[in-house]
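This report refers to the structure that appears directly beneath it.
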Ligand code: AMP
């Protein structure tokens, strides 16, 4: 497994692979890797001859009040996690390698980015789409892998690739969870022991919604109300949003129908966690 920090080194390797006819799968990450990331690598490994993992905490997707400086980093551990999965190349650039001094071009997807996390984190998806476009151009993969954990990000990337005729297949992978249901996240490392316990309220709320839906409830107000009650009962939790949207438009909906997304963001202490489920009756 090669570990490189310069764009030129990636281009050289990609060129050699392309000449030999190898297909390439890309897994973009911000590092501090866990089994969620590794599930993306496993899917990439299965479907491509070569797998590239990028590890880059992208400064332009963080607002000034967010956790860029404290975001967890451990490259040595990440290398082991990638090695275990048979990754061929890690690209872990510095911020200055990715953004030269006069950098001034951005990719901005409208519509889908105006709801949920896009509303709460202005500029976030512009930063994500810009860095993902750059990573696509640098690594030129056949396929790129993203987690359903970040459902809005996955939808926005799919929209961008379609709108801009990017010839890369976008593959969404299911959410990987801890034994108690908490979605795996690099940010879980911020949680104290009591916060970690409290953080289960997101999945408990999702499970409650699932039970209500199984019993025939379809009203978003009723389901969201029950979810809110579970989370509000947790003193360390503060709801950022719980919303039900149509997966195609990300417009809010009143009652569940095929391909509705329920997404939630909840602060546990100072840590903001997200989770979601899709309602697909058939
Ligand atoms: P991040 O390093 O948090 O930017 O995540 C990199 C990629 O891994 C994104 O496509 C995420 O959606 C995906 N990912 C993160 N956590 C999980 C998880 N628990 N299950 C599946 N995919 C995940």
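Residue numbers (this note's numbering): 27 to 308. Idealized CB from N, CA, C, for every residue including glycine. Since we're looking at a predicted model, the values are computed, not measured.
Counting only residues of its own chain and dropping the five nearest sequence neighbours on each side, residue 215 has a CB closer than 6 Å to the CB of 98. Under the DSSP assignment, residue 302 falls in the beta strand (DSSP E) whose first and last residues are 297 to 305. Considering only 209, 100 and 153, the residue with the shortest C-alpha distance to residue 124 is 153. Listed as beta-bridge partners of residue 294 by DSSP are 263 and 297.
Beyond the five residues adjoining it in sequence on each side, residue 212 comes within less than 6 Å, by CB distance, of 58 and 98 in the same chain, given in chain order. The alpha-carbon of residue 47 is positioned some 14 Å away from that of residue 73.
Each of 288, 284 and 187 was checked against the Cα of residue 229, and the nearest Cα belongs to 288. In this structure, the C-beta of residue 184 stays at least 7 Å away from each heavy atom of ligand 1. Annotation for residue 94: 83, 85 and 88 place their beta carbon closer than 8 Å to its own, counting only its chain and skipping 5 residues before and after.
For residue 266 and residue 51, the gap between their C-alpha atoms comes out near 34 Å.
Non-local C-beta neighbours of residue 79 in its own chain, meaning closer than 7 Å and more than five positions away in sequence, comprise 53, 55, 67, 108, 113 and 116, ordered along the chain.
If you check the C-beta of residue 56 against ligand 1, you find a heavy atom less than 7 Å away. If you draw a 10 Å sphere on the C-beta of residue 132, you find fewer than 16 other C-beta atoms in it, and that means exposed. Unbroken beta strand (DSSP E) stretches of 3 residues or longer found wholly inside the segment 32 to 92: 50 to 55 and 76 to 81, given in chain order. Contact between residue 142 and residue 276 holds, with the beta-carbon distance rounding to 7 Å and staying under 8 Å.
Linking residue 234 to residue 246 through their CA atoms gives a straight-line distance of about 13 Å. By the beta-carbon neighbour count (other beta carbons within 10 angstroms, threshold 16), residue 241 is exposed. 8 Å or more divides the Cβ of residue 81 from the Cβ of residue 164. Between the segment 188 to 205 and the segment 159 to 173 there are three or more inter-stretch CB-CB distances shorter than 8 Å, so the stretches are counted as touching.
Annotation for residue 117 indicates a beta carbon at 7 Å or more from all heavy atoms of ligand 1. Sorting 42, 156, 149 and 207 by C-alpha distance to the C-alpha of residue 62 places 207 at the top. Distance check between residue 295 and each of 218, 280 and 272 places 218 closest, using alpha-carbon atoms only. Close CB contacts of residue 232 within its chain, under the 7 Å cut and outside five residues either way in sequence, are with 301 and 303 (chain order).
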